[in-house]
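For any residue, its number in the working numbering is found by taking its place in the sequence shown, counting from 1, and adding 175.
First the structure, in the form of structure tokens, and then the observations on it.
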Amino acid sequence: MSVQLIKHKFTVDEYGKMAEVGVLKEGDRVELIRGEIIEMSPIGTRHAACVARLINLFMNRLGNRAIAWPQNPIQLGNNSQPQPDVTLLQPRDDFYATQHPQPADIFLLVEVADTTLEGDRAIKIPLYAEHHIPEVWLVNLPENCLEVYRQPTATGYQIVSTFYPGDTLSLQTFPDITINVNQILS
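In structure tokens, the structure reads:
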């Protein structure tokens, strides 16, 4: 005899209220994915260095053309509030002080994966495609490469490319900006 457990799925508003009343605390490393509160993995040194390199690279290359948003929440519909490692956003004078960025605000999302590689591929990247995020980069630390996802559809990204050290690529939204994969993975 199998037993069906009923799960309660949280909304973004309920998730926010949990933080307001102290159920979730400031230092808790959690994110809301499809209504479920997911504990995030600890950040290792290689992961942290990669995020720092990306932020530095984007700030130097893009200047005021985009906001580099490191490890901060974005809102995807009413039941997901992930915290990608880096998000490039449309510039806004208030720097998103009145609401978390929405899909239309996003140029690029970057996830840096060491221990979370399969989860990022199976859960987060399809979620980003469903919400029409135009470009997602998955920095694959175990395999020392960069996976680039473009042309989102409801069922996934139509174009998936892999870049290795020595390869160069351009940002889809900013084709004049070229990046060597070494600058990310070094």
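Glycine included, each C-beta is placed from N, C-alpha and C at the ideal position.
Put simply, of 315, 260 and 278 the residue whose alpha carbon is nearest the alpha carbon of residue 229 is 260.
From the listed residues 334, 298, 242 and 335, the smallest Cα separation to residue 272 is found for 242. Here residue 254 is not near residue 182, since their CB atoms are 8 Å or more apart. CA-CA distance, residue 199 to residue 227, rounds to 26 Å. Residue 286 sits buried, since 16 or more C-beta atoms from the chains shown fall within 10 Å of its C-beta. Excluding five sequence positions before and after residue 276, the CB atoms of its chain that fall closer than 6 Å to its own CB belong to 249 and 264, given in chain order.
A distance below 6 Å between beta-carbons, with the five flanking residues on each side excluded, links residue 291 to the following residues of its chain, in chain order: 216.
In this structure, residue 300 and residue 324 form a Cβ contact; the two beta carbons are roughly 6 Å apart against a cut-off of 8 Å.
Distances from the alpha-carbon of residue 187 to those of 334, 234, 212 and 294 put 212 closest.
By the neighbour-count criterion, in which 16 or more other beta carbons inside 10 Å mark a residue as buried, residue 256 falls on the buried side. If you ignore the 5 residues before and after residue 308, its C-beta comes within less than 7 Å of the C-beta of 278, 281, 284 and 327, all in its own chain and listed in chain order. In the three-state reduction of the DSSP assignment, residue 302 falls in the helix class, which pools H, G and I. Secondary structure at residue 213: strand, using DSSP grouped into helix, strand and coil. If you draw a 10 Å sphere on the C-beta of residue 360, you find 16 or more other C-beta atoms in it, and that means buried. With a cutoff of 8 Å on beta-carbon distance, residue 295 and residue 221 are scored as not near each other.
Going by C-alpha positions, residue 351 is about 19 Å away from residue 262.
Its chain contains 326 as the residues whose beta carbon lies nearer than 6 Å to that of residue 333, once the 5 sequence neighbours on both sides are disregarded; these appear in chain order. Put simply, of 246, 196, 195 and 343 the residue whose alpha carbon is nearest the alpha carbon of residue 206 is 246. About 6 Å separates the Cβ atoms of residue 358 and residue 232, confirming a contact at the 8 Å cut-off.
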